[in-house]
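Numbering (the working numbering), first residue to last: 23 to 559.
A virtual CB, placed ideally from N, CA and C, is assigned to each residue, including glycine.
Since we're looking at a predicted model, the values are computed, not measured.
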C-alpha cells in the first residue's frame, strides 16, 4: 500500500534574468548561480552559467519560432547573429501576462497563461530590460515588474521558467529559473529529458525513472528549483514511462509520461502545488515542453482507496491478476494505492495463509481511472446472504467535492453501504430525537450503494444526524440511530453508513465511517457508534 504523503491580479515578478554571460563580459560568469541538484540555487534568480551556453550549431532558427525579431531593422535571420529567449509560465495562481521590451510600442509576448510556453523570441546580442504587465494592459500602464538589464550573447538560447508563488515567502517566493538550452547529442531510440524541480511547496525529492526501485533512484536529492543538468537525461523513446517522486525515500507521487519522441529534447518541469487537489489546474504536475512548445501537462497517477464494509466477510485481499494490490484488509479498514491510468480487473479474496490464495468472494472491474483522479471503492453487503440483505459487491465513487466552499464550512456526501433497506438521513437536535422534519433531511430514500446527490455544507464543528428506515417516506421521518459526526472547518468527506441495522452473531452493528479526502493521504474516522433513541431508559 502506497499512501500519498505530503501533508489579485498583482504579479510581483515574472522574468528576472541577470548575469547571463557574454564573450565580452567575463565578470558576468562570476555571478552565475550554481544549480547543483543537491543544493539548488542560492538566490531567488538562477543565472546562466557560461559553460551551459549552447554552441551556434545547437541554436534554434528564429524563423521557425513564428515570432518576429525585436529589432526588425537588424538582420537576425539566424541565432548565430543574436540570441533567442522563451518564457514558460510555471507559477501556479499567477495571472496571464504580457512581456515587453522597455521602450517598445507593443508587447513581444502576449497573454501567457499558467502552463503555457511562449515561442522563442529572437533578439540581437546586447543588453535588454524586459517589462511585465498584466495581459491586456497598454504601454502607458506602469509595469508590475521590470527586470535588470539582461546581457545576451550571440548564440545564446534561453528557457526562462517562472516558478514559485506570487506573494510567497522564503523558498515559496516567486522567482525565475533562466536555463541555457544545452542538450547533448542523443542516441537512436532515445529522448533527452531535462527535469526541473519547480514545485513551489514540494520538498527536495528523489526521482525514480520506472517507479520500480525506491532504494536506488536515478536522481537523488534534487532540491527545489534545481534541475538534472543541461545535457539532459537519456530515456527510452517510443514508450510511456513511470516517474516516481520520492520524499526521503518514501513515495510522494507518481506520473505516467506520454510516449517520448525519438530524438526529442524535452524539459519536464515539476510545477503546481502539492497542497492543491491533483485534479485542479494548480495541482502538482509535470509540464512537458519541447523545442516547439508545450507538449502537455501530465497530472499525477490516479489513486484508489478501498473501504472494507462487508460485515461478515472477514479479512480480504484486493488482488489484480493474482498479485496483491491491497493485502489483509479487515472490516472497517481503509487502504490506498496509486496506479497508472487505466481499467483494472479486481478480485476480492477471502483470508488465507498466502495473499490472494483464498476463495474469490467477488470480482469487479474498475471504471477508467484517469490521471489526476481519486477514487473510493467500497466492498459492502453480505458474503452469506440471508433474508433481504444485499449481496457483497464492490462500488466505485469519484472524488469531486466542491472546492469553492467557504473555508469555514465542511463539505460532505453520504453513502449508504450498510446492510439495511433504503434510509432517510437528517439533522436532529440531539441523540434522543426519534424523528426529524422534512426541512432537516440530508438525503431521503437512499438505497444501498447510493451516494447523496449533492454536496452538503455543514457550518458547525459537529452535527448529530439521524438515520431511519425509508419505508414510510412521509415527514417527519422516523429515526433508528443517531450519530454525533465531527465536521471540522474546510473538511471534505464522505460519511458512510456501514454494518448491519439488525446484526446477527459476529456481524458489525450499524455505524458511520467518515473518509476525509484531500491532496494528502485520505484519513478514516470511525467507527462512530450510534444511539438507538427508542431504547427504554
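For residue i and residue j, what's the separation of their Cα atoms in angstroms?
{"i": "residue 190", "j": "residue 106", "result": "29 Å"}
{"i": "residue 226", "j": "residue 470", "result": "45 Å"}
{"i": "residue 412", "j": "residue 373", "result": "21 Å"}
{"i": "residue 493", "j": "residue 422", "result": "30 Å"}
{"i": "residue 495", "j": "residue 425", "result": "32 Å"}
{"i": "residue 354", "j": "residue 473", "result": "18 Å"}
{"i": "residue 528", "j": "residue 428", "result": "42 Å"}
{"i": "residue 246", "j": "residue 125", "result": "35 Å"}
{"i": "residue 342", "j": "residue 322", "result": "21 Å"}
{"i": "residue 404", "j": "residue 552", "result": "21 Å"}
{"i": "residue 417", "j": "residue 202", "result": "51 Å"}
{"i": "residue 352", "j": "residue 194", "result": "41 Å"}
{"i": "residue 468", "j": "residue 407", "result": "21 Å"}
{"i": "residue 98", "j": "residue 114", "result": "Confidence at residue 98 is low in this model, with a pLDDT of 33, below 50, so its placement is unreliable and the value that follows should be read with caution. Approximately 34 Å between the Cα atoms of the pair."}
{"i": "residue 134", "j": "residue 154", "result": "11 Å"}
{"i": "residue 547", "j": "residue 397", "result": "18 Å"}
{"i": "residue 35", "j": "residue 117", "result": "Because residue 35 carries a pLDDT of 29, less than 50, the predicted location of this residue cannot be relied on, and no value is offered for it."}
{"i": "residue 498", "j": "residue 385", "result": "40 Å"}
{"i": "residue 196", "j": "residue 156", "result": "16 Å"}
{"i": "residue 318", "j": "residue 309", "result": "6 Å"}
So which of the options has the shortest CA-CA distance to residue i?
{"i": "residue 316", "options": "142, 130, 506, 542", "result": "142"}
{"i": "residue 420", "options": "390, 408, 427, 333", "result": "390"}
{"i": "residue 507", "options": "497, 448, 344, 550", "result": "550"}
{"i": "residue 491", "options": "359, 296, 532, 118", "result": "532"}
{"i": "residue 409", "options": "451, 123, 526", "result": "526"}
{"i": "residue 509", "options": "393, 449, 395, 554", "result": "449"}
{"i": "residue 324", "options": "278, 344, 313, 340", "result": "278"}
{"i": "residue 205", "options": "248, 313, 352, 182", "result": "313"}
{"i": "residue 511", "options": "140, 485, 270, 288", "result": "485"}
{"i": "residue 258", "options": "213, 358, 457", "result": "213"}
{"i": "residue 169", "options": "198, 103, 442, 176", "result": "198"}
{"i": "residue 152", "options": "127, 136, 210, 135", "result": "127"}
{"i": "residue 591", "options": "498, 523, 499", "result": "Residue 591 lies beyond the residue range present for the chain, which begins at 23 and ends at 559; the question has no answer from this structure."}
{"i": "residue 464", "options": "238, 456, 148, 447", "result": "447"}
{"i": "residue 392", "options": "150, 167, 362, 228", "result": "362"}
{"i": "residue 222", "options": "112, 176, 172", "result": "112"}
{"i": "residue 433", "options": "477, 308, 445", "result": "477"}
{"i": "residue 210", "options": "103, 309, 287, 319", "result": "287"}
{"i": "residue 570", "options": "339, 147, 457", "result": "Residue coverage of the chain in this structure runs from 23 to 559, which leaves residue 570 outside it and unanswerable."}
{"i": "residue 108", "options": "163, 184, 159, 541", "result": "184"}
{"i": "residue 320", "options": "326, 283, 394, 282", "result": "394"}
I believe residue i touches residue j by the beta-carbon criterion, under 8 Å. Please report the beta-carbon distance rounded to the nearest angstrom.
{"i": "residue 539", "j": "residue 515", "result": "6 Å"}
{"i": "residue 267", "j": "residue 256", "result": "20 Å between Cβ atoms; not a contact."}
{"i": "residue 121", "j": "residue 130", "result": "6 Å"}
{"i": "residue 414", "j": "residue 399", "result": "So it is not a contact: roughly 13 Å between Cβ atoms."}
{"i": "residue 240", "j": "residue 230", "result": "7 Å"}
{"i": "residue 180", "j": "residue 329", "result": "Not really, about 50 Å apart at Cβ, beyond 8 Å."}
{"i": "residue 20", "j": "residue 349", "result": "Outside the modelled stretch of the chain, which goes from 23 to 559, sits residue 20, for which no answer is possible."}
The stretch 357-370 in contact with the stretch 437-451 per 3-pair CB rule at 8 Å
no
Determine contact between the stretch 286-306 and the stretch 215-235, defined as no fewer than three beta-carbon pairs at a distance below 8 Å.
yes
Segment contact, 8 Å Cβ cut-off, at least three pairs: the stretch 300-319 with the stretch 247-264:
no
Kindly provide the ranges of any beta strand (DSSP E) runs that are 3 or more residues long and lie completely inside the stretch 290-343, ordered along the chain.
307-312, 315-320, 325-331, 338-342
Report the residue ranges of all alpha helix (DSSP H) runs contained in full by the stretch 463-529; include only those spanning at least 4 residues, in chain order.
none
For the pair the stretch 373-385 and the stretch 331-338, tell me if three or more CB-CB distances fall below 8 Å.
yes
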